[in-house]
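Written out below as structure tokens is the structure these notes cover.
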Amino acid sequence: MAVDWLAMVYLLAYIPLIVPATWLLERFGLRATILLAVLLNVLGAWLKCVAGVLAVDPRNPEPMNPGKAAAFPLLMLAQTLDAIAQVFILGVPAQLAATWFGEKEISTATSIGVLANQLGVAIGFCIPPEVVRVPSSSLSPANSTIGFQNSTDMNYPIVHKDMMYFLYISAALNTLPILPVLFFFKSEPPTQPTFAQHVRKLAKVRSRLKVATSDSISTSAVIEPASINGSANGPTTKIVPSIGRTDPVITDGLYPITSESSVRTTAKDREENLQSPLTETDRELGQLGFKQQLFYILRNPHFVLLVLSYGINTGVYYALGTLLNLLLQAYFPNEKSIGWIGFTMIVAGIVGSILAGIILDRSKRYKLVIVSIYVLTLLSMAAFTGVLLVKSLALAFISSFFLGFTMTGLLPIGFEFAAELTYPVNEGLTSGLLNASCQIFGIIFTTSGSHMIGVFDVKYCNTFFTCLIALGLGLLG
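See the structure below:
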């Protein structure tokens with residue numbers, strides 16, 4: 093149970109810390125947020141080395157010594173620091189893409205950011221078992237993680253030496269990003285890559301300078317980008333009467349916005365037409381604080397449905413990753429290669445996330461893309477459930493590839509769709525809420541799925557996950 097908490101702390105830390113993490117990203121920007129995450133990660137990595145030095149052979153009959161007593165609490169503290177660092181870094185890809193990349197590159201950039209996280213998980217599947225030499229009889233077949241049993245064939249000095257080697261290398265690699273982040277990384281480019289980012293920055297500057305007029309609710313600012321016309325005077329601002337918007341179609345200045353078009357693309361169109369109205373909603377949201385923006389998006393029913401649907405999909409993905417060995421060992425009890433099925437899912441997800449981002453950048457049809465991927469996810473989950481009943485390892489690999497391809501492909505699309513539904517709210521806030529939903533559903537689904545496997549049967553757990561995916565698809569409808 094204590095070892096399980098080393099994994100669960102990543103899910104539990106996210107829920108209470110997501111609000112301060114997104115506030116930090118909104119208030120101090122990308123550089124401060126990433127630097128804090130890197131420092132916490134480095135501190136956690138080196139504390140794990142200290143915990144490893146203090147660790148002693150658990151089979152040692154000698155009385156408890158201070159080193160052994162402090163080893164696990166210190167390891168837990170280090171793991172908690174790493175979990176906190178994750179909270180600050182998971183919401184960065186969408187914000188980084190919107191801040192630094194052009195309109196036709198945003199979705200692809202977000203996908204690459206999500207890919208980096210998945211790539212780290214894939215490396216975690218492969219490298220540790222190769223570095224730390226653990227006898228096969230010391231592996232626990234009832235767990236999805238490696239556990240040491242009190243077997244006489246486990247050579248603790250060798251295992252401890254390999255583990256320390258792995259911890260030192262890991263800590264050194266985690267330390268490397270400090271210098272480039274500290275000396276080279278900037279929160280934003282000198283010139284905004286899109287007109288939407290220019291409008292957002294202008295609203296923030298006006299808010300901080302407190303130049304907003306008292307009748308801001310009844311007026312709307314129009315920005316004329318004189319710099320686009322070649323004027324050196326920069327943008328000018330006019331105050332014009334706002335137009336009430338009571339129709340169900342969201343409008344952004346002169347151009348209608350639908351669920352399949354892009355607010356940020358429309359901003360680009362305005363730039364090309366030398367017309368750049370900053371709507372009343374845009375201007376007010378740009379001047380609102382973090383708490384007001386949070387309440388605003390939580391009152392957006394479309395965003396709330398996306399949060400629930402996205403959380404269900406990713407929560408099932410987390411539960412599958414945690415329970416995968418239990419699900420597979422029920423059908424392939426003596427097959428050693430089943431551990432590579434999890435690796436296959438992650439690699440397929442990396443490919444899927446990149447392709448999904450490219451498709452979204454080219455089409456800008458947000459709802460169509462996300463619903464299509466969700467339908468493929470449902471079909472893949474149903475196929476995975478049925479294939480396991482056939483007990484074909486080859487088919488299990490194939491179905492797991494498509495399952496990882498579709499489930500992970502949905503991750504960057506969700507970030508971008510949320511940004512479109514809530515523009516001009518900060519992308520870090522929307523992606524943070526999406527990730528929080530994933531953590532909550534991940535804990536619930538992992539716990540309930542594990543209970544189903546223990547009380548009923550594996551097939552009921554897989555069927556349960558399939559029904560959950562169908563529910564998530566229905567919420568998007």
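Numbering (my numbering), first residue to last: 93 to 569. Note that CB positions come from ideal geometry on N, CA and C, so glycine has one too.
Please confirm whether residue i and residue j have their CB atoms less than 7 Å apart.
i: Q384; j: Y106; result: no
i: I545; j: L416; result: no
i: I535; j: L103; result: yes
i: G524; j: I404; result: no
i: A189; j: A208; result: no
i: L132; j: L173; result: yes
i: G407; j: F556; result: no
i: T514; j: F395; result: yes
i: S279; j: R119; result: no
i: T125; j: L116; result: yes
i: G520; j: G183; result: yes
i: V206; j: F258; result: no
i: F509; j: I451; result: no
i: M499; j: Y409; result: yes
i: A214; j: A137; result: no
i: G541; j: Y402; result: no
i: D453; j: K196; result: yes
i: L127; j: A170; result: no
i: P249; j: W192; result: no
i: G478; j: S199; result: no
i: A175; j: V101; result: yes
i: L397; j: L567; result: yes
i: M256; j: G144; result: yes
i: A474; j: T539; result: no
Can you give me the Cβ contacts of residue i inside the same chain, cut-off strictly under 8 Å, excluding the 5 residues immediately before and after it?
i: G496; result: T436, M437, I438, V439, A440, G441, G444
i: Y260; result: C141
i: P112; result: none
i: Q187; result: L117, L122, N518, E519, G520, S523
i: P269; result: V130
i: K551; result: T477, L480, L481
So residue i is in the alpha helix (DSSP H); what residue range does that whole segment cover?
i: S401; result: 393 to 421
i: P185; result: 184 to 192
i: P272; result: 270 to 275
i: S464; result: 458 to 482
i: A264; result: 248 to 267
Enumerate in chain order the residues of its own chain whose CB-to-CB distance from residue i is below 6 Å, with the five nearest sequence positions on each side excluded.
i: C218; result: none
i: F476; result: S491, L495
i: L502; result: N405, I465
i: A177; result: A129, L132, N133
i: G121; result: S279
i: S472; result: F494, L495, T498
i: I389; result: F395, T514, V517
i: T267; result: V134
Excluding sequence positions up to five away, which residues of its chain have a Cβ less than 7 Å from the Cβ of residue i?
i: A528; result: Y106, I107, I110
i: V399; result: L525, L526, S529
i: L211; result: I442
i: R391; result: none
i: I486; result: A small fix is needed here, since residue 486 is Ala in this sequence, not Ile. There are no such residues.
i: P504; result: S199, T202, S203, V206, S445, A448, G449
i: P220; result: F258
Handout entry: Entirely enclosed alpha helix (DSSP H) segments - the segment 493 to 554, minimum 4 residues
Key = The alpha helix (DSSP H) runs lying completely inside the segment 493 to 554 and spanning 4 residues or more are 519 to 547, given in chain order.
Handout entry: Ranges of the beta strand (DSSP E) found wholly within the segment 421 to 450, counting only runs of at least 3
Key = none
Handout entry: Length at least 3, wholly inside the segment 123 to 177: the beta strand (DSSP E) runs in chain order
Key = none
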